[in-house]
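Protein chains in written order, with numbering that gives the first Met the number 0: chain Z, 0 to 304; chain X, 0 to 304; chain R, 0 to 271; chain D, 0 to 271. All C-beta atoms, glycine included, are put in the ideal place defined by N, C-alpha and C. Encoded as structure tokens, the structure appears first; notes follow it.
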Amino acid sequence: MIDLSVLLGSGLRLKNPVMTASGTFGYGREYEPYLELNKLGAVVTKGLSLLPKPGNEPPRIVETPCGMLNAIGLENIGVEAFLSDELPALKAAQATVVVNFFGETIDEYEELAEILDQETGIDALEINISCPNVKAGGLQFGTDPRMAASLVTAVRRRTSLPLITKLSPNVTDIISIAMAVEAAGSDCVSLINTLTGMAVDLQSRKPVLANITGGLSGPAIKPIALRMVHQVARNVNIPVIGIGGISSTNDALEFLLVGATAIQVGTCNFVNPAITAEIAAGIETFLHESSISHISDFIGSLQLA
Amino acid sequence: MIDLSVLLGSGLRLKNPVMTASGTFGYGREYEPYLELNKLGAVVTKGLSLLPKPGNEPPRIVETPCGMLNAIGLENIGVEAFLSDELPALKAAQATVVVNFFGETIDEYEELAEILDQETGIDALEINISCPNVKAGGLQFGTDPRMAASLVTAVRRRTSLPLITKLSPNVTDIISIAMAVEAAGSDCVSLINTLTGMAVDLQSRKPVLANITGGLSGPAIKPIALRMVHQVARNVNIPVIGIGGISSTNDALEFLLVGATAIQVGTCNFVNPAITAEIAAGIETFLHESSISHISDFIGSLQLA
Amino acid sequence: MFLFPSTVLQLTELTPDTFRIRLSSPENFARQFIPGQFVMASVAGPSHLDPLLKRPFSICRLRPDGFELLIKVVGRGTEILQHMAIGTLLSLHGPLGNGYPVNVIGKDRKIMLVAGGIGIASIISLLDYCLEAAYPLKNINLILGARTSSELLYIDEFRQLTEKGLTLSIATDDGSRGHRGLVTDLVSRQLQNNAENNPIILSCGPLPMLTALGKLAVEASCPCYLSLESRMACGFGVCLGCVTRNKTKDEKHPWVKVCHDGPVFDAATLQL
Amino acid sequence: MFLFPSTVLQLTELTPDTFRIRLSSPENFARQFIPGQFVMASVAGPSHLDPLLKRPFSICRLRPDGFELLIKVVGRGTEILQHMAIGTLLSLHGPLGNGYPVNVIGKDRKIMLVAGGIGIASIISLLDYCLEAAYPLKNINLILGARTSSELLYIDEFRQLTEKGLTLSIATDDGSRGHRGLVTDLVSRQLQNNAENNPIILSCGPLPMLTALGKLAVEASCPCYLSLESRMACGFGVCLGCVTRNKTKDEKHPWVKVCHDGPVFDAATLQL
Ligand SMILES: Cc1cc2nc3c(=O)[nH]c(=O)nc-3n(C[C@H](O)[C@H](O)[C@H](O)COP(=O)(O)OP(=O)(O)OC[C@H]3O[C@@H](n4cnc5c(N)ncnc54)[C@H](O)[C@@H]3O)c2cc1C
Ligand SMILES: Cc1cc2nc3c(=O)[nH]c(=O)nc-3n(C[C@H](O)[C@H](O)[C@H](O)COP(=O)(O)OP(=O)(O)OC[C@H]3O[C@@H](n4cnc5c(N)ncnc54)[C@H](O)[C@@H]3O)c2cc1C
Ligand SMILES: Cc1cc2nc3c(=O)[nH]c(=O)nc-3n(C[C@H](O)[C@H](O)[C@H](O)COP(=O)(O)O)c2cc1C
Ligand SMILES: Cc1cc2nc3c(=O)[nH]c(=O)nc-3n(C[C@H](O)[C@H](O)[C@H](O)COP(=O)(O)O)c2cc1C
Ligand code: FES
Ligand code: FES
């Protein structure tokens, strides 16, 4: 028997390292025709806000070389509807549930953390800090170590659930941000969120996306994500979750190799809705064939010299 | 007759907006079997340093989804050999020549600028600021607006040649860096250089590149480059040169549309050595079919509302 | 709904930029299928990561060994499909979407099917359904629009059905066949001529046509169902990429998903 | 050297993971060709941007209508080529590289050709050259290595040449044909047996084999030329991606480019 389980901070043990990336897996239920939710390490929900959000005008997506841009605009049903309409199904499926959430002010983040903390059936929280801080003039929480740290400190006070902070890659120095949120009490960091990009249409001479810019995801960004995960994993003492362009078992293994304790699959869920289950099985096969009985022996085993 | 010529600052008129990206076109001569160098807007040389540089150990390159990573390590023949062995051929071919250069200290940059300034046959200089500043502990010149500005100020004093500053995309806020080098006297900015990435090999459990990390280029990065060029073009008053993943006439036109005055083709020169000439011809055809007689009427004509 | 590897069984060029492709399907595929539904189809083989996303195509026709798509080449993905070798394996997902409201189309009802361009693919699936279910052909009015006569697809087949009672009208932009002008000119005329016996309209085609049709239907107070297109990443309701505005919804959350709530919508609910 | 669209004329499976592909070439291609040179070949069609880079392959054999490559499937690009339809257009660049030093191989000289695995592709081009130029076959000693006998390619053809004087020796890892062990065992034995009449060694194969061979050649003081592989982006000397260390060069600039200065190098200059 191969032990695929991983520990994300003290409180959260996943049965395997394969998670879904927020915003690419709906609220989980939508994938039940394709796989068993409780065969995954964890299901991460679409990012929730206090109140429902309509998101951006369409067009919201466009394909790019080996990737896509999205400007969904954080559309979601709001925390209340999630708790009443969606969480019960996740519980019934015995899924490990990570709730991704965001706000426009620290207060909003805090309020959400408090609400979610009181609920049973939620195994961890993931804070999305790639959101504009309206009080700081729209600067993203995630682009400044101090702003990121004060957000995490505030949220940390409101919940005892394992806390994952999801980092933005659109920064000069992602290590400093990871270290700041570690110091502020985050149990874990996950990275990367999308890189800001743009597409234009030559016929209409307009941006393709109504929002002008959007977030780049998919295999195109994998090398950048892998580099950032490698750098962060070597500079923090909390577990790192690797995200970005994972499209195969080998991709997932590469992130584990550079030091990710778990991984999240995003865009490729759209292309193959069963991919997370396939990757979980693929990792087991790989470890078996490599005669590695504990996944922890493989994680971070990259040789640098 | 369609006027394809563009003005890069006051001193430099290119016959068309298609340039080659540094490090992907050798010293120019290597491409003579595939195209006429004087049919291009300009030839940008491999980045030069004061003394020849050996560059990194192999492996130096690896393919990634829709792109590649390189860690050549700025190998070059040094300015002296360039002037004696390479520049004459470029002159003979009547190419418009832009010399890309870099140093490890501001002094080195200055010395190089002075040497190049004295030479005939060089039409402009491109400063690569994505290089570690050894005096500042290896921090890249290009990641800090003040450091970038002092470098450009220093170089500006040593040369009256048109000065292009080539920006790094590995930053939180590329606009502030573009504005800083504009204020410091750069005639032009070119962007983007490569994004830092990484690849690993599961068999050997080692990084693929001897240097561990490398620079990501190719179509994968186009959406990021296009976004940055769009943002910078709207925030500076000097011409912007768009670079990043251009693989076709349409890609080039997209950069012009968002406000680039000229473009550079990099990685795709490897795939199709004749591509720059094909794009120059393609742009002409497009303008003709769109009944646009001056390319300046197309540049920056993106409609935002 | 299935996620399955599908073999390219046949590929037939119909015009220089449209083709028919026959694909294999799992056993119960036909049983689940509702006319107007679509599949998401991979266009890159397993060794290519680009183009990354699957593409949506209406299931045009069920076949004993699978089904057919009717595809117009407009970009990279459709170009790759056009040159696909027989025997190639595609990754398919479907049938997806709601399909036409076949339950509300009574057999005694006048049915107006309106297809613009490649929208015929979706309309054929509905016509096949009506034939199969033995709807009286005299109740069915098929109106086709195309740029020019050479782009009218399956026209001989439709002609033969007119002998069994089908009404067929044609509009081309250049007047090379039928009415010179828009398909909506024909619809408008026919609605006026039959003001007392309003049909149910079902349509698929370019957005401007659908918009005009929706307005005509409101004026004539006919029920009208339109099959929309949208850029899609997932095709099954999870990416929220394909939304369009819906009048009946809360202004705070005005969207419906074309892939999941549609692609077929009651025109009265759409903000066109 | 040409940059040209090339048609896939024929594709023949030789083993489950090796195949021969015949490609069309421009008129003067054969005239420019030196054995040991290679082409860079696109593996993605014009509608795919991935895999992005062209791949290097030795030109194995000239043919009246083009040339042949011999390819082993090891990854995405070679897998795509393996399933390419006849008539597909590839974008090609070549012949590239220096090729074997045919000028220095005198007709009265003993020639030892050593091929490991798919390295046979390059060695065949040299053997063809020698046959064409009427080198005496009795001077040629062909030594082949493979993992197992089923992976030995073109073996019947080589057997026939032994009747005209060619010396053929075979090593397989599993001993299923010829010597059980390494090809270098055979080389070493033959060099010892013929110490007075040293051959010129020309070889292509996996790096460990070439390294061992280079050492044997130094010991026996034979001239030895090795065709190297390297990761390549451009194939024509501009990306500086494919470098390898060269002993004869300045320590400040120790590199040679495998694509441009090679792929064939005098073993004495390499740091293996
Ligand atoms: C439910 C549904 C059913 C469909 N059924 C069919 C069918 O039966 N037959 C058929 O031929 N086509 C059908 N389509 C359209 C088909 O999906 C597109 O033509 C196809 O995805 C284009 O892929 P491509 O890679 O060739 O084009 P791309 O290279 O992706 O794009 C080509 C051009 O089309 C534009 N474009 C692409 N997608 C959209 C979009 N959704 N909205 C607006 N512009 C767009 C791009 O900007 C570009 O100009 C259907 C679409 C939907 C949503
Ligand atoms: C001058 C030259 C001539 C060649 N001639 C032939 C030939 O005649 N026939 C033939 O079958 N092959 C030949 N090769 C090798 C061939 O180029 C590669 O097998 C091919 O590029 C692999 O492409 P791929 O997309 O299938 O593999 P990829 O998916 O790119 O890689 C597959 C595996 O190979 C590894 N790999 C890829 N390239 C290299 C490399 N250069 N060095 C080390 N590891 C690498 C990767 O890490 C991976 O594990 C030649 C190479 C060179 C440089
Ligand atoms: C359509 C879409 C919606 C997304 N929504 C969210 C979100 O609500 N919250 C969040 O933290 N990340 C969101 N992301 C980012 C992903 O979770 C992930 O970090 C990113 O896509 C990179 O992974 P990938 O390359 O595997 O897609 C979204 C991504 C996509 C493509
Ligand atoms: C192999 C290689 C070498 C490069 N060397 C240099 C260099 O010497 N100086 C420089 O400013 N940029 C260098 N670059 C960056 C390119 O000029 C260009 O900015 C980058 O590759 C993005 O463009 P692309 O996507 O079209 O390749 C190099 C890029 C590659 C791929
Ligand atoms: S295409 Fe993803 S929700 Fe409709
Ligand atoms: S492959 Fe580019 S220099 Fe050799």
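**OP:** Measuring only between beta-carbons, confirm whether R/LEU22 sits less than 8 Å from chain D.
**Re:** Translated into the one-based positions of the third sequence, residue 22 of chain R becomes position 23. No, R/LEU22 does not count as interfacial toward chain D.
**OP:** Quick one: give me the first and last residue of the alpha helix (DSSP H) that X/HIS287 is part of.
**Re:** Counting from one through the second sequence, the residue named residue 287 of chain X turns up at place 288. Here the alpha helix (DSSP H) through X/HIS287 covers 274-288.
Subject >> Residues whose Cβ lies closer than 5 Å to any heavy atom of ligand 1, in chain order >> reply: With the cut-off at 5 Å, the residues found are R/PHE37, R/ARG54, R/PRO55, R/PHE56, R/SER57, R/ILE70, R/LYS71, R/VAL73, R/GLY74, R/ARG75, R/GLY76, R/THR77, R/ILE117, R/ALA120, R/GLU228, R/ARG230, R/PRO262.
Original post:
Roughly how many angstroms separate the alpha carbons of R/SER229 and Z/GLY258, rounded to a whole number?
Top reply: Numbered from 1 along the third sequence, position 230 holds the residue referred to as residue 229 of chain R. Numbered from 1 along the first sequence, position 259 holds the residue referred to as residue 258 of chain Z. The alpha-carbon separation between R/SER229 and Z/GLY258 amounts to approximately 40 Å.
**OP:** Please confirm whether any heavy atom of ligand 2 lies closer than 7 Å to the CB of D/CYS233.
**Re:** For the purposes of this step, residue 233 of chain D is taken as residue 234 along the fourth sequence, with counting starting at 1. No, ligand 2 has no heavy atom inside 7 Å of this Cβ.
Subject >> Chain-ordered chain D contacts of R/GLU12 [CB-CB under 8 Å] >> reply: Sequence index remark: in the third sequence, residue 12 of chain R carries index 13 (1-based). Within chain D, no residue comes near R/GLU12; the closest Cβ sits about 15 Å away, beyond 8 Å.
**OP:** Over the uninterrupted beta strand (DSSP E) stretch that includes X/LYS165, give me the two end residues.
**Re:** Residue numbering aside, residue 165 of chain X sits at position 166 when the second sequence is read from its first letter. Its beta strand (DSSP E) spans residues 162-165.
Original post:
Which residues mark the beginning and the end of the beta strand (DSSP E) in which D/GLN9 is found?
Top reply: Looking up residue 9 of chain D in the fourth sequence gives position 10. Element bounds for D/GLN9: 1-14.
Original post:
Just to check, is the beta-carbon of R/VAL237 closer than 7 Å to a non-hydrogen atom of ligand 5?
Top reply: Sequence index remark: in the third sequence, residue 237 of chain R carries index 238 (1-based). R/VAL237: yes, Cβ under 7 Å from ligand 5.
Subject >> Beta-carbon proximity list for D/ASN277, same chain, < 6 Å, skipping 5 on both sides >> reply: Since the first residue shown for chain D is 0 and the last is 271, residue 277 of chain D is missing from the structure and cannot be characterised.
Subject >> D/LEU209 CB to nearest heavy atom of ligand 2 below 7 Å >> reply: The sequence position of residue 209 of chain D within the fourth sequence is 210, counting from 1. Every heavy atom of ligand 2 is 7 Å or more from the Cβ of D/LEU209, so no.
Original post:
Name the DSSP beta bridge partners of Z/HIS293, please?
Top reply: Looking up residue 293 of chain Z in the first sequence gives position 294. Under DSSP, Z/HIS293 forms a beta bridge with Z/ASP2.
Subject >> Secondary structure of X/ASN132, DSSP reduced to three states >> reply: As a position in the second sequence, residue 132 of chain X is number 133, starting the count at 1. DSSP places X/ASN132 outside both helix and strand once states are collapsed to three, so it counts as coil.
**OP:** Using a Cβ cut-off of 7 Å, pull out every chain R residue sitting near D/ARG75, in sequence order please.
**Re:** Within the fourth sequence, the letter at position 76 stands for residue 75 of chain D. Correct list: SER46.
**OP:** Run the CB neighbour count on X/HIS293, radius 10 Å, all protein chains shown included, and call it buried at 16 or more, exposed below.
**Re:** Here residue 293 of chain X refers to the residue found at position 294 when the second sequence is read from its first residue. X/HIS293 comes out exposed.
**OP:** Quick one: which unbroken alpha helix (DSSP H) runs of 4-plus residues sit fully inside the stretch 203-248 of chain X? Chain order, please.
**Re:** Secondary structure in the stretch 203-248 of chain X: the alpha helix (DSSP H) runs of 4 residues or longer, each lying completely within the stretch, are 221-232 in chain order.
**OP:** Give the straight-line distance between the Cα atoms of R/LEU151 and D/SER90, rounded to the nearest whole angstrom.
**Re:** Within the third sequence, residue 151 of chain R is the residue found at index 152, counting from 1. Within the fourth sequence, residue 90 of chain D is the residue found at index 91, counting from 1. When rounded, the distance between both Cα atoms is 36 Å.
Original post:
Of all the residues that make up the stretch 241-259 of chain R, which are near chain Z by a beta-carbon distance shorter than 8 Å?
Top reply: Close to chain Z, meaning a Cβ-Cβ distance shorter than 8 Å, are the following residues of the stretch 241-259 of chain R: CYS241, VAL242, THR243, LYS251, HIS252, PRO253, TRP254.
Original post:
From this set, X/GLU253, X/THR119, X/GLY244, X/ILE278, which residue's C-alpha is nearest X/PRO87's C-alpha?
Top reply: For this step, residue 87 of chain X is matched to residue 88 along the second sequence. Nearest of X/GLU253, X/THR119, X/GLY244, X/ILE278 to X/PRO87, Cα basis: X/THR119.
**OP:** Return the bridge partner residues of R/THR243 from the DSSP annotation.
**Re:** Numbered from 1 along the third sequence, position 244 holds the residue referred to as residue 243 of chain R. Answer is R/VAL255.
Original post:
So is the beta-carbon of X/ILE176 under 7 Å away from any non-hydrogen atom of ligand 4?
Top reply: For the purposes of this step, residue 176 of chain X is taken as the residue at position 177 of the second sequence. Relative to ligand 4, the beta carbon of X/ILE176 is positioned no closer than 7 Å to any heavy atom.
Subject >> The alpha helix (DSSP H) enclosing Z/MET197, as first and last residue numbers >> reply: For this step, residue 197 of chain Z is matched to residue 198 along the first sequence. Not the alpha helix (DSSP H): Z/MET197 falls in the beta strand (DSSP E), residues 194-197.
Original post:
Given that X/ASN69 touches chain D, what residues does it touch there, using C-beta distances under 8 Å?
Top reply: Working through the second sequence from its first residue, we reach residue 69 of chain X at position 70. Those within 8 Å of X/ASN69 in chain D are ALA232, CYS238, GLY240.
**OP:** Give the range of the beta strand (DSSP E) segment to which D/LYS71 is assigned.
**Re:** Residue 71 of chain D sits at position 72 when you count from the first residue of the fourth sequence. For D/LYS71, the uninterrupted beta strand (DSSP E) segment begins and ends at 65-71.
Original post:
Which one or two residues does DSSP pair with Z/LEU123 in a beta bridge?
Top reply: Numbered from its first residue, the first sequence carries residue 123 of chain Z at position 124. Rather than Leu, the amino acid found at residue 123 of chain Z in this sequence is Ala. Paired residue(s): Z/VAL97.
Original post:
Can you list, in chain order, the residues of its chain whose CB lies under 6 Å from that of D/PRO34, leaving out five sequence neighbours each side?
Top reply: The sequence position of residue 34 of chain D within the fourth sequence is 35, counting from 1. Apart from sequence neighbours up to five positions away, the residues of its chain that approach D/PRO34 with a beta-carbon distance below 6 Å are GLY98, TYR99, SER124, LEU125, TYR128, ordered along the chain.
Original post:
In chain R, which residues lie with their C-beta within 8 Å of the C-beta of D/ILE79?
Top reply: As a first step, residue 79 of chain D must be located in the fourth sequence, where it is residue number 80. Under a criterion of Cβ atoms nearer than 8 Å, the residues of chain R adjacent to D/ILE79 are, in order, GLY44, SER46, HIS47.
Original post:
Cβ atoms of Z/LEU3 and Z/ILE278: under 8 Å apart, would you say?
Top reply: Within the first sequence, residue 278 of chain Z is the residue found at index 279, counting from 1. Within the first sequence, residue 3 of chain Z is the residue found at index 4, counting from 1. Z/LEU3 sits away from Z/ILE278, with the two beta carbons spaced by 8 Å or more.
**OP:** Have a look at the DSSP bridge pairing and note the partners of D/MET231.
**Re:** In the fourth sequence, counting from the first residue as 1, residue 231 of chain D sits at position 232. For D/MET231, which the question treats as bridged, DSSP gives no partner whatsoever.
Subject >> Residue environment, D/GLY213, which counts as buried when at least 16 other CB atoms sit within 10 Å >> reply: In the fourth sequence, the residue the question calls residue 213 of chain D occupies position 214. Buried, because 16 or more other Cβ atoms sit within 10 Å of the Cβ of D/GLY213.
**OP:** Please confirm if Z/ALA148 has its CB atom under 8 Å from at least one CB of chain X.
**Re:** Here residue 148 of chain Z refers to the residue found at position 149 when the first sequence is read from its first residue. Not an interface residue.
Original post:
Listed from N- to C-terminal order along the chain, which residues in the stretch 253-284 of chain Z have their beta-carbon within a distance smaller than 9 Å of any beta-carbon of chain R?
Top reply: The stretch 253-284 of chain Z vs chain R, Cβ under 9 Å: THR266, CYS267, ASN268, PHE269, VAL270, ASN271, PRO272, ALA273.
**OP:** For the alpha helix (DSSP H) containing D/TYR128, list its first residue and its last residue.
**Re:** Position 129 of the fourth sequence, counting from 1, holds the residue named residue 128 of chain D. For D/TYR128, the enclosing alpha helix (DSSP H) starts and ends at 119-131.
Subject >> Closer than 7 Å at the beta carbon, the chain R residues around D/ALA84 >> reply: Here residue 84 of chain D refers to the residue found at position 85 of the fourth sequence. Those within 7 Å of D/ALA84 in chain R are ALA84.
**OP:** Check whether the Cβ of D/LEU212 sits closer than 7 Å to any heavy atom of ligand 2, and report yes or no.
**Re:** Here residue 212 of chain D corresponds to residue number 213 of the fourth sequence, with the count starting at 1. Checking the Cβ of D/LEU212 against ligand 2 gives no.
**OP:** Return yes when the C-beta of X/HIS287 is under 7 Å from any heavy atom of ligand 5, and no when it is not.
**Re:** Start at 1 with the first residue of the second sequence, and residue 287 of chain X comes out as number 288. Annotation for X/HIS287 indicates a beta carbon at 7 Å or more from all heavy atoms of ligand 5.
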